[in-house]
Amino acid sequence: MSDEKGLIEDLKSGNHGAFKKLVESHKEMVFQVCYNFLNSADDADDIAQDVFVEVYKSVANFHGKSTLKTWLYRIAVNKSLNFIKKHKRRTLVDDFSSFNNDSLKTNDASEYIESKERKKILNSAIASLAKNQKIAFTLQKIDDKSYKEVAEIMDISISSVESLMYRAKKNLQKKLLNYYKTM
């Protein structure tokens, strides 16, 4: 943690080497967070750059109430959500990796098409969740964050994360069940 405090102090003093070190050590993580929300490498790259510009401009306001990584996560999530809102994007994720990933390896075209359709349906269901449910679900299920990490990133209690996850899962279950009943 003392390395992090030193890095933060160097950043606050305007040390360009410290900023370069921050970018190099966190650029992949920031890009991945943005990509998980935006589903576009180009957009994720642009937003990731915006995240680091924001960090550079606002590092003086960082008081260390969370870790630097958590702060970066929070900025990346907020920038991604603002981008989605600004561009009225309806999709949250395209490749929900834990959702039937094996079917992508098949040679059977009909199975591949069916898998793509299921992902599209799931994507639409996730996108229709309430904002905080969508954030919690994405961070926990797609970014594989613990409830504690999600709570820190969202700046809420663990019990609030549990509640959001419960509601998100119930809402997804209803939406997906309704879809498959109409088929």
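With numbering that gives the first Met the number 0, the residue at position 131 of the sequence shown is 130, and numbering never jumps.
C-beta: ideal position from N, C-alpha, C; glycine also.
Under 7 Å Cβ to Cβ from A40, same chain only, skipping five residues before and after it: list those, please.
Exclusion of the five residues before and after A40 leaves Y34 as the residues of its chain whose Cβ lies within less than 7 Å of its Cβ.
Count the other C-beta atoms from every protein chain shown that fall within 10 angstroms of the C-beta of S62, then say buried if there are 16 or more, exposed otherwise.
At residue 62 the sequence reads His, which differs from the Ser that was named. Around the C-beta of H62, fewer than 16 other C-beta atoms lie within 10 Å, and the residue is accordingly described as exposed.
Inter-stretch contact at 8 Å, needing at least 3 Cβ pairs: the region 18-36 / the region 69-79
Cβ pair count under 8 Å is three or more, so yes.
I'd like to check one pair, K147 with I155: are the Cβ atoms closer than 8 Å?
Taking 8 Å as the cut-off, the beta carbon of I155 is found no closer than this to the beta carbon of K147.
Have a look at V29 and K85 and give me their C-alpha separation to the nearest angstrom.
About 20 Å.
In the DSSP assignment, the alpha helix (DSSP H) including H86 goes from what residue to what residue?
Judged by DSSP secondary structure, H86 falls within the alpha helix (DSSP H) whose first and last residues are 67-86.
Hey, how far is the Cα of A47 from the Cα of A17?
C-alpha separation (whole angstroms): 18 Å.
Does S79 pass the burial test, meaning 16 or more other C-beta atoms within 10 Å, or should it be called exposed?
With at least 16 other beta carbons inside 10 angstroms of its own, S79 counts as buried.
Taking K252 as part of the alpha helix (DSSP H), name the residues at either end of that continuous run.
Because the chain in this structure spans residues 0 to 182, residue 252 falls outside the shown range and cannot be described.
K130 versus E3: straight-line alpha-carbon distance, rounded
Answer to the nearest angstrom: the Cα atoms are 31 Å apart.
So is H15 buried or exposed if we call it buried at 16+ other beta carbons inside 10 Å?
The residue in question, H15, is exposed, as its Cβ has fewer than 16 Cβ neighbours within 10 Å.
Is L176 closer than 8 Å to A124 when the C-beta atoms are compared?
The answer is no: Cβ separation not under 8 Å.
Does the beta-carbon of Q183 have 16 or more other beta-carbons within 10 angstroms, so that it is buried, or is it exposed?
Lying outside 0 to 182, the shown extent of the chain, residue 183 is not represented and no answer is given.
Straight-line CA distance for K26 to Y165?
When rounded, the distance between both Cα atoms is 31 Å.
CA-to-CA distance, A75 to V50, given in whole angstroms:
V50 and A75 have their C-alpha atoms roughly 6 Å apart.
Please report the distance separating the alpha-carbon of Q31 from that of T66.
For Q31 and T66, the distance between alpha carbons rounds to 18 Å.
Can you give me the Cβ contacts of N170 inside the same chain, cut-off strictly under 7 Å, excluding the 5 residues immediately before and after it?
Cβ-Cβ distances below 7 Å link N170 to L128, Q132 in the same chain, with the five nearest sequence neighbours on each side left out; the list follows chain order.
Measure the alpha-carbon distance for N99 versus E8 and round it to whole angstroms.
At N99 the pLDDT is 44, less than 50, meaning the model places this residue with poor confidence; the figure from the coordinates comes in the next sentence. Distance between the alpha carbons of N99 and E8 is about 45 Å.
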